[in-house]
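Residue numbers (the UniProt record's numbering): 415 to 886.
For glycine and all other residues, C-beta sits at the position ideal for the given N, C-alpha and C.
Right, one structure below, let's go through it.
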Ligand code: GDP
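Next comes the structure, spelled out in C-alpha cells:
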C-alpha cells in the first residue's frame, strides 16, 4: 500500500504485478529491498534507499558450514474447519509430554515442542489455520518448515483444504497429508485420496510424492506414524542451524498479562537464547527476565527450533516480527526507538484503520476497548442473526458495537462511516460497489465478505480471542 501511494498507482496494480512476478503479497505486507526495486522497476521507477532503512536492520552474519548442526523441524497444521486441527494439536501435545517433566501446567503459548517415539524433537506452531500462517508470512517471517494438511475422512476436500494446500505450496513448504477421523464408521479415506488427486496431490500409496497417514485425533491411531513421516520429510530438507551465536528468530504471539507484564512467545530459529539476554523484537526490546516452555517450566537457555515464553519486553511486538539478541541494551533501545518512529510516521501517512488482524495487537498494548462493525446483507433475517451473534461475542475487555446494519450492497457511504468510526465492514451474501471498493482501498477500511454466517462469527471470535489474556 505504501509503495503504491509513493508511485501513485492503485494497490491492486501493485499486487497483480507482484503476482505476475511470482510474489504472493497482501496489502499491508512489508517488502524487502530487492522486491521493492524489482516491482518499482516494472512501473518505471528507480528506488533509492535512505540510510534510515539500514539503521533499523540488524545485520545477520552468514554461518560457516562447520558451525551448522541439525535442528528440529517446525510444523504447522492446516486444513478445513472442523476437520480436527485443534484436536490433533492437543492430542500430540498431551501425549508427548516427556516423562519426568509433567507436573508443570501446560499453557497455550502459541507453540510447543515434543519428543517422538524415536527420540527426535519436533516443534509445532499451535495456531492452527492458514490465516495465521499467512499473516506471519505477510510480515516476512519464514518459520514453518513442514505443513500437515488435515482432511476429515468422513467429509471431503473442502475449500479451505485447497486454500491451505495452496498457501503451503506458494510458500514452498512441503506438505504431509493427515487423513483424520478414521475411527468413524463412515470414514472413507480412499474418497479423500481420490479428491486430492483431482487437485494434483497424488499420495504415496497411489504412486505420488505426497506422504499421507490415516490418523484419529480421538483414539491416537496413526499419530506416531504421522510424526515419523514428518521427520522423514524433515530429513530431506537437511534443516540446520548454528546454535553457537546470539539468538535470532520470530515472534509467535504477544500479550499483556496483569501480573507479569508483556508475555511474548518466541521461536528461536538459530543461536541460543539465555536469561539475561537483551532482546530486540520489532520495535520493542528488553532483557529476558525469565523464560518458560509450554509446560510452564523455567528454562535457562533455548537453542534452535525451540519455542519459549519470555518475560521482559517493554511492549507487545506483532506475530511474525523478527527478533534478535543484541549485544548491548543501548543498541537495542536505539533501533527500537527508530523503528517505532518510522512506524508512527507510516501510520500517520496511511491512517491505518482497524482490521481483524490488528485487534490482537491493539488490545495487547491496551489501546482497544470497542470493536465497531457495519453489517450489510442480502436479507433482513440473516443480518439480524449475524448481528445478534456478533454482539454476543462481547467480553469484559471488548465491547462489540454494530454501528450500522442494512440490506443492500456495500456502498461508499458505508465505507465513509467505517472510516469515521474506525469500523470493519462485514458483508453477507453481498459485495461492495466499485466505488466503495476503491474508497475502502484508499481509506484502508477492511471489508470482509462471507457466504456462511458461521464463518463470519468465527473470524471475529478468533480475532477477539487473540486479544484475550492467556489463562495460565
Ligand atoms: P478444527 O476446527 O479443525 O480445529 O477441528 P476440531 O479439532 O475442533 O474438531 C472438530 C470436531 O471433530 C470436534 O468435535 C472433535 O471432537 C472432532 N474430531 C476431531 N478429530 C477427530 C477424530 O479423529 N475422530 C473423531 N471421531 N472426531 C474427531
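Based on Cα-Cα distance, which residue from 743, 667, 415, 812 lies nearest to residue 723?
Residue mapping note: residue 723 aligns to position 309 of the chain shown, counting from 1. Nearest of 743, 667, 415, 812 to residue 723, Cα basis: 667.
Here's the rule: buried if 16 or more other CB atoms are within 10 angstroms of the residue's CB, otherwise exposed. What is residue 712?
Along the chain shown, read from residue 1 onward, the residue named residue 712 stands at position 298. The residue in question, residue 712, is exposed, as its Cβ has fewer than 16 Cβ neighbours within 10 Å.
Would DSSP call residue 432 helix, strand or coil?
Sequence index remark: in the chain shown, residue 432 carries index 18 (1-based). Helix at residue 432.
Alpha carbon to alpha carbon, how far is residue 460 from residue 663? Give it in angstroms, no decimals.
The residue you call residue 663 lines up with position 249 of the chain shown. The residue you call residue 460 lines up with position 46 of the chain shown. Computed Cα separation, rounded: 32 Å.
Applying the criterion that 16 or more other CB atoms from any shown protein chain within 10 Å of the CB defines a buried residue, is residue 514 buried or exposed?
Start at 1 with the first residue of the chain shown, and residue 514 comes out as number 100. A caution first: residue 514 carries a pLDDT of 47, below 50, which makes its placement in the model unreliable, though a value can still be read off. It is exposed - the Cβ of residue 514 has fewer than 16 other Cβ atoms within 10 Å.
Just grab the DSSP bridge partners of residue 716 for me.
In the chain shown, counting from the first residue as 1, residue 716 sits at position 302. Partner(s): 687.
For the ligand GDP, is there any heavy atom lying closer than 7 Å to the beta carbon of residue 524?
To locate residue 524, count along the chain shown from 1; it is residue 110. No; taking the cut-off as 7 Å, the Cβ of residue 524 has no heavy atom of the ligand GDP nearer than that.
Consult DSSP for residue 801 and reduce its assignment to one of helix, strand or coil.
Taking the first residue of the chain shown as 1, we reach residue 801 at position 387. Reduced to three states, the DSSP call for residue 801 is helix.
Per DSSP, what kind of secondary structure is residue 708 in: helix, strand or coil?
On the chain shown, position 294 is the one that residue 708 refers to. Looking at residue 708 - three-state DSSP - the assignment turns out to be coil, as it is neither helix nor strand.
When you compare only the Cα positions, how much space is there between residue 707 and residue 828?
One-based indexing of the chain shown puts residue 707 at position 293. One-based indexing of the chain shown puts residue 828 at position 414. Whole-angstrom Cα-Cα distance: 46 Å.
Can at least three beta-carbon pairs, one atom from the segment 634 to 648 and one from the segment 685 to 700, be found at a separation below 8 Å?
Flag = no, the segment 634 to 648 and the segment 685 to 700 do not touch.
When the distance is taken between beta carbons, is residue 680 closer than 8 Å to residue 487?
The residue labelled residue 487 in the question sits at position 73 within the chain shown. The residue labelled residue 680 in the question sits at position 266 within the chain shown. Not in contact: residue 487 and residue 680 (Cβ atoms no closer than 8 Å).
Give the C-beta separation of residue 685 and residue 657 to the nearest angstrom, bearing in mind that I take them to be a contact with Cβ-Cβ under 8 Å.
Along the chain shown, read from residue 1 onward, the residue named residue 685 stands at position 271. Along the chain shown, read from residue 1 onward, the residue named residue 657 stands at position 243. With 8 Å as the limit, residue 685 and residue 657 qualify as a contact, their Cβ atoms being about 7 Å apart.
Shortest alpha-carbon distance to residue 421 belongs to which of 453, 448, 872, 861?
Here residue 421 corresponds to residue number 7 of the chain shown, with the count starting at 1. Checking every option, the nearest Cα to that of residue 421 belongs to 453.
When we look at the beta-carbon of residue 842 and count the other beta-carbons within 10 Å, is it buried (16 or more) or exposed?
Locating residue 842 in the chain shown gives position 428, where the first residue counts as 1. The residue is buried, with at least 16 neighbouring Cβ atoms inside 10 Å.
Using DSSP with H/G/I as helix, E/B as strand and the rest coil, what is residue 505?
Within the chain shown, residue 505 is the residue found at index 91, counting from 1. Reduced to three states, the DSSP call for residue 505 is helix.
Sorted by chain position, which residues of the same chain lie with C-beta nearer than 7 Å to residue 825's C-beta, five sequence neighbours on each side aside?
One-based indexing of the chain shown puts residue 825 at position 411. Cβ within range, chain order: 847, 850.
Let me know the secondary structure DSSP gives residue 731 once reduced to three states.
Residue mapping note: residue 731 aligns to position 317 of the chain shown, counting from 1. Coil at residue 731, not helix or strand.
Does DSSP put residue 570 in a helix, a strand or coil?
Here residue 570 refers to the residue found at position 156 of the chain shown. Coil at residue 570, not helix or strand.
Can you find the residues in the same chain that come closer than 7 Å, C-beta to C-beta, to residue 786, ignoring five residues on each side of it along the sequence?
Working through the chain shown from its first residue, we reach residue 786 at position 372. 815, 817, 835, 836, 837.
The ligand GDP and residue 594: does any heavy atom of the ligand fall closer than 7 Å to the residue's C-beta?
On the chain shown, residue 594 is found 180 positions in, with the first residue counted as 1. Yes - the ligand GDP has a heavy atom lying nearer than 7 Å to the Cβ of residue 594.
So, are the CB atoms of residue 579 and residue 593 less than 8 Å apart?
Start at 1 with the first residue of the chain shown, and residue 579 comes out as number 165. Start at 1 with the first residue of the chain shown, and residue 593 comes out as number 179. No. Outside cutoff.
By DSSP, does residue 421 sit in helix, in strand, or in coil?
As a position in the chain shown, residue 421 is number 7, starting the count at 1. Residue state, collapsed to three classes: helix.
Could you tell me how far apart the beta carbons of residue 531 and residue 597 are, in whole angstroms, since I believe they sit closer than 8 Å?
Start at 1 with the first residue of the chain shown, and residue 531 comes out as number 117. Start at 1 with the first residue of the chain shown, and residue 597 comes out as number 183. The pair is not a contact, with the Cβ atoms about 20 Å apart (cut-off 8 Å).
Can you check which of these residues, 526, 631, 428, 587, is closest to residue 496 by C-alpha distance?
Position 82 of the chain shown, counted from the first residue, corresponds to residue 496. Of the candidates 526, 631, 428, 587, the one whose C-alpha sits nearest the C-alpha of residue 496 is 631.
On a CA-only basis, which of 440, 417, 457 is nearest residue 463? Give me that one, please.
Looking up residue 463 in the chain shown gives position 49. When only C-alpha atoms are compared, the closest one is 417.
Which residues does DSSP list as the beta-bridge partners of residue 664?
Along the chain shown, one-based indexing puts residue 664 at 250. Its beta-bridge partners are 681, 736.
Tell me whether residue 495 counts as near the ligand GDP, meaning its Cβ is closer than 7 Å to at least one heavy atom of that ligand.
Translated into the one-based positions of the chain shown, residue 495 becomes position 81. Yes, the ligand GDP has a heavy atom inside 7 Å of this Cβ.
Go ahead and label residue 490 buried or exposed: buried means 16 or more other beta carbons lie within 10 angstroms of its beta carbon, across all protein chains shown.
Counting from 1 along the chain shown, the entry for residue 490 is found at position 76. Classification for residue 490: buried.
What is the residue span of the alpha helix (DSSP H) that residue 377 lies within?
One cannot answer for residue 377 here, as it falls past the ends of the chain, which runs 415 to 886.
Quick check on the DSSP output: the beta strand (DSSP E) that includes residue 821 runs from which residue to which?
By 1-based counting over the chain shown, the position of residue 821 is 407. Looking at the DSSP string, the run of the beta strand (DSSP E) that includes residue 821 is 813 to 821.
So, with DSSP's three-state summary, where would you put residue 587?
Numbered from its first residue, the chain shown carries residue 587 at position 173. The answer is coil: DSSP assigns residue 587 none of H, G, I, E or B.
Figure out for me which residue from 434, 607, 440, 564 has the closest Cα to the Cα of residue 860.
As a first step, residue 860 is located in the chain shown; it is residue number 446 there, counting from the start. Checking every option, the nearest Cα to that of residue 860 belongs to 440.
Hey, quick one: how far does the alpha helix (DSSP H) through residue 605 stretch, first residue to last?
By one-based count along the chain shown, residue 605 stands at place 191. Segment 603 to 612, the alpha helix (DSSP H) holding residue 605.
Taking all protein chains shown into account, decide if residue 738 is buried (16 or more other Cβ within 10 angstroms of its Cβ) or exposed.
If you number the chain shown from 1, residue 738 lands on position 324. Per the 10 Å Cβ criterion, buried.
Hey, how far is the Cα of residue 805 from the Cα of residue 788?
As a working note, residue 805 is residue 391 in the chain shown. As a working note, residue 788 is residue 374 in the chain shown. Answer to the nearest angstrom: the Cα atoms are 12 Å apart.
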